[in-house]
Amino acid sequence: MAVEIRILTGAELDTVLEDLARLRIAVFRDWPYLYDGSMEYEARYLSRYAGTPGAVIVGAFDGGRLVGAATGEPLEREVIQFRRPFEERGLDLGAIFYLAESVLDPAWRGKGIGHRFFDEREAHARRLGYRQATFCAVIRPDEHPLRPAGYVPLDAFWRKRGYRPLEGAIVHFPWRDIGAQEDTEKPMQVWLRDL
Numbered sequence: 001m002a003v004e005i006r007i008l009t010g011a012e013l014d015t016v017l018e019d020l021a022r023l024r025i026a027v028f029r030d031w032p033y034l035y036d037g038s039m040e041y042e043a044r045y046l047s048r049y050a051g052t053p054g055a056v057i058v059g060a061f062d063g064g065r066l067v068g069a070a071t072g073e074p075l076e077r078e079v080i081q082f083r084r085p086f087e088e089r090g091l092d093l094g095a096i097f098y099l100a101e102s103v104l105d106p107a108w109r110g111k112g113i114g115h116r117f118f119d120e121r122e123a124h125a126r127r128l129g130y131r132q133a134t135f136c137a138v139i140r141p142d143e144h145p146l147r148p149a150g151y152v153p154l155d156a157f158w159r160k161r162g163y164r165p166l167e168g169a170i171v172h173f174p175w176r177d178i179g180a181q182e183d184t185e186k187p188m189q190v191w192l193r194d195l
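UniProt numbering numbers the first residue of the sequence shown as 1 and each following residue consecutively.
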C-alpha cells in the first residue's frame, strides 16, 4: 500500500479543494480540534488558496483518492488573527511562510507522511525565498471532558523538526465545537522555526 505525494500550486489547487474540505471536516472532528464543520464554510475558507500567489497544497493520494493534505501560504496573505502576533512583535511578515492545516486519514498515520508534509512545505517556502516557517496549534485544557485517555500531543514531533513556541504568541480563532450551538474563539499557540 503506497501513497503518492503531489505538490499542488496555482490552478492545480482547485482540483482538490472539495476533497480537502471533506477531509478537514472528518479529521478535525477528533481531538484536539473537535470541529463541527460544514461544506459551505469549508468552500469559503479554502477558496482563498486558489487565489493566493505562493500557496501550496501537499496532497497524499491513494490512487486518485486524497487521504491527506497539508497547506501553506505566505503569512502576509493570511487572515488577521494569524498575522497579528507577528505584527505586534514587529516581525517581517514577508519573510515568514504560514503552514496551515495538516490532515491525514487515521489509516495512513505512522508511515512518515506527516514528515513529508513538513518537508515539502518547507522546501516550497525556501524556493520562494522565505526565511522562517510558522504554524498554530490549538490549546485545550488537560481536564477537558473529551480529551482521550493517553493522548500524546505532537509537541515532541514539532520540536524535533526545529519548531519552538513563540513566547506569549497566542492566536484566537473561532469555530464551532461538536455539540455546541455557536462558534467560540479557541486559543492557538504559535510555533516558529528558521528555514
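Quick reminder that beta carbons are idealized off the backbone N, C-alpha and C, glycines included. All of these numbers come straight from a predicted model, not from anything done at the bench.
Straight-line spacing of the CA atoms in Ile178 and Leu34 works out to 6 Å.
The alpha-carbon of Leu46 is positioned some 30 Å away from that of Asp142. When only Cα atoms are considered, Leu13 and Val58 end up about 10 Å apart.
Counting only the Cα atoms, Leu17 lies some 18 Å from Glu120.
In the structure shown, the three-state DSSP call for Ile80 is helix. A Cβ-Cβ distance of about 7 Å is found for the pair Arg131 and Asp194, placing them in contact under the 8 Å criterion.
For His115, the enclosing alpha helix (DSSP H) has its first and last residue at Ile113 to Arg127. Scanning the stretch 29-70 from its first residue to its last, the whole beta strand (DSSP E) runs of 3-plus residues come out as 56-62. A direct Cα-to-Cα measurement between Ala70 and Ile25 gives close to 14 Å.
According to the DSSP assignment, Arg24 belongs to no beta strand (DSSP E) but to the alpha helix (DSSP H) extending over Leu17 to Val27.
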